[in-house]
Amino acid sequence: MYHWQPAGGSPALIRFGAMQEFEGKVAVVTGAASGIGLAMASRFASEGMRVVLADVEAPALDAAVTRLRQQEHEVLGVVTDVSSASAVEALAQQTLDAYGGVHILCNNAGVGGGFTTAIWESSLKDWQWTMGVNLWGVVHGVHTFLPIMLDQDEPGHIVNTASSAGLMPGNRIYGVTKHAVVALTEALWDGLMQRESKLRCSVLCPGVINTQIMFSARNRPEELQNLPGASVSDAERDRSARVKHLAEMSGMSPDDAAAIVFNAIRDEQFWILTHDDIDPVIRTRMEDILSRRNPTPRTDSFGLRAIEQPGR
Ligand code: NAD
655 MYHWQPAGGS PALIRFGAMQ EFEGKVAVVT GAASGIGLAM ASRFASEGMR
705 VVLADVEAPA LDAAVTRLRQ QEHEVLGVVT DVSSASAVEA LAQQTLDAYG
755 GVHILCNNAG VGGGFTTAIW ESSLKDWQWT MGVNLWGVVH GVHTFLPIML
805 DQDEPGHIVN TASSAGLMPG NRIYGVTKHA VVALTEALWD GLMQRESKLR
855 CSVLCPGVIN TQIMFSARNR PEELQNLPGA SVSDAERDRS ARVKHLAEMS
905 GMSPDDAAAI VFNAIRDEQF WILTHDDIDP VIRTRMEDIL SRRNPTPRTD
955 SFGLRAIEQP GR
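Numbering (this note's numbering), first residue to last: 655 to 966.
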């Protein structure tokens with residue numbers, strides 16, 4: 655069914671038909687043992703969906719699955735390292751074996767990466783770890799699940815979790831990965847529209863959400879540690895604690911973020927931005943580009959910049 659809808663001041667042809675029914679459908683969420691992923695999985699389950707929770711952290715995943723089953727939701731936990739193509743293929747196979755299809759895919763697993771102040775200070779292992787989870791995890795999800803979802807020929811939705819860092823001027827490796835996820839998801843949208851698919855997609859660009867992201871090093875593989883066997887430094891532990899304090903004081907709850915995502919799926923909304931205070935930063939970046947002006951120094955939208963300063 656086609657409708658005329660104004661977009662950017664001029665009429666645009668929009669085809670409606672994506673997900674409106676959730677009861678009994680199947681959702682797969684990566685990074686589902688904690689934070690935003692767990693909240694999205696819980697929300698989908700409470701809408702009557704069968705949910706596959708995928709995560710690399712087995713004990714947290716077990717706890718999440720047990721809790722949701724106690725609430726009488728139909729869920730399955732699959733230990734998955736999204737940076738591995740074969741692990742994501744196994745996740746898809748277990749999903750099909752258990753539930754016979756997939757309607758919502760949230761490529762959400764992510765890590766904060768290192769805390770260096772300048773990009774050249776990052777080690778190649780920092781790059782491999784952060785790109786492996788944040789970008790390759792999304793690539794693997796799209797590459798593995800899209801053919802399955804297209805073959806089903808049913809309404810469905812893919813949500814790729816980027817970040818407000820994917821819209822702001824680049825700084826750390828984290829921002830590089832999130833800009834890439836934004837571009838990947840725009841390409842996905844374009845392909846789905848070209849094919850007149852029943853699938854839709856969104857890119858989630860959250861501001862500060864109160865999760866465990868600042869403790870991402872807990873899941874850094876041994877072979878990608880900068881110093882083999884090294885534990886987290888005192889400086890890094892101190893910074894994580896301050897970011898956590900900031901997130902507790904001013905961050906959005908994961909449940910509120912999940913509600914925004916759910917509404918966006920139902921409304922076929924591509925851009926999912928959880929916070930308005932990032933808008934001026936995005937606008938300034940765009941104006942810099944369009945006026946061929948050098949990058950405007952970043953403002954401290956979320957108070958994170960202050961924490962990143964050396965000696966603070
Ligand atoms: P979180 O640490 O609470 O949850 C992330 C989950 O990803 C964890 O359960 C972790 O075990 C899992 N994970 C890590 N590496 C993995 C791997 N290799 N394979 C599978 N799972 C893996 O953090 P969160 O904030 O809920 O993060 C979810 C997503 O939201 C991430 O992509 C993150 O970059 C993004 N994000 C978070 C914020 C925020 O303020 N919390 C802001 C913007 C974007």
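Just so it is clear, CB atoms sit at the ideal spot from N, CA and C, and this is done for glycine as well.
I'd like to confirm something about residue i: is its beta-carbon nearer than 7 Å to some heavy atom of the ligand NAD, or not?
i: residue 930; result: no
i: residue 735; result: yes
i: residue 788; result: yes
i: residue 825; result: no
i: residue 798; result: no
i: residue 818; result: yes
i: residue 860; result: yes
i: residue 709; result: yes
i: residue 714; result: yes
i: residue 763; result: yes
i: residue 866; result: yes
i: residue 731; result: no
i: residue 856; result: no
i: residue 685; result: yes
i: residue 887; result: no
i: residue 917; result: no
i: residue 904; result: no
In chain order, what residues of the same chain lie with their CB nearer than 7 Å to the CB of residue i, ignoring the 5 residues before and after it?
i: residue 766; result: 828, 867, 868 and 870
i: residue 1023; result: No information on residue 1023 is available, as it lies outside the stretch 655 to 966 that the chain covers here.
i: residue 794; result: 736, 739 and 742
i: residue 898; result: 868
Between which residues of its own chain and residue i is the CB-CB distance below 6 Å, once the five residues before and five after are set aside?
i: residue 842; result: 855
i: residue 901; result: 862 and 864
i: residue 760; result: 683, 694 and 813
i: residue 680; result: 704, 753, 755, 756 and 757
i: residue 691; result: 683, 685 and 762
i: residue 927; result: 859
i: residue 889; result: none
i: residue 741; result: 734 and 735
i: residue 946; result: none
i: residue 818; result: 859, 861 and 932
i: residue 963; result: Residue placement at residue 963 is poorly supported in this model, since its pLDDT is 44, which falls under 50; the coordinates still yield a value, given next. Answer for residue 963: no residue qualifies.
i: residue 710; result: 735 and 873
i: residue 832; result: 816, 817, 819 and 820
i: residue 748; result: 732
i: residue 664; result: Residue placement at residue 664 cannot be trusted, given a pLDDT of 40 that sits under 50; what the coordinates show is reported in the next sentence. Here the set comprises nothing.
i: residue 701; result: 676
i: residue 875; result: none
On the premise that residue j lies in contact with residue i, defined as a C-beta separation below 8 Å, what is that separation, rounded to the nearest angstrom?
i: residue 915; j: residue 756; result: Not a contact, Cβ separation roughly 17 Å.
i: residue 836; j: residue 820; result: 4 Å
i: residue 799; j: residue 746; result: 6 Å
i: residue 922; j: residue 672; result: 5 Å
i: residue 857; j: residue 816; result: 5 Å
i: residue 732; j: residue 699; result: No, residue 732 and residue 699 are not in contact; Cβ-Cβ is about 15 Å, not under 8 Å.
i: residue 768; j: residue 776; result: 6 Å
i: residue 783; j: residue 881; result: The Cβ separation is near 14 Å, so there is no contact.
i: residue 770; j: residue 826; result: 7 Å
Apart from the five residues on each side of it in sequence, which residues of its chain come closer than 8 Å, Cβ to Cβ, to residue i?
i: residue 951; result: none
i: residue 949; result: 823, 939 and 942
i: residue 807; result: 852
i: residue 697; result: 909, 912, 913, 915 and 916
i: residue 937; result: none
Review point. Considering only residues of the segment 861 to 939, which uninterrupted beta strand (DSSP E) runs meet the minimum length of 3 residues and lie entirely inside it, listed in chain order?
Key: 925 to 927
Exercise for review: Return the chain-ordered ranges of every beta strand (DSSP E) run that is complete within the segment 661 to 741 and spans a minimum of 3 residues.
Suggested key: With a minimum length of 3 residues, the continuous beta strand (DSSP E) runs that stay inside the segment 661 to 741 are 664 to 669, 680 to 684, 704 to 709 and 729 to 733.
Check your understanding: Which whole runs of the beta strand (DSSP E) in the segment 813 to 849 are 3 residues long or more, in chain order?
Key -> You should have found no qualifying run.
**Study point:** In chain order, each alpha helix (DSSP H) run of at least 4 residues that lies wholly inside the segment 743 to 813
**Key:** 778 to 788 and 790 to 806
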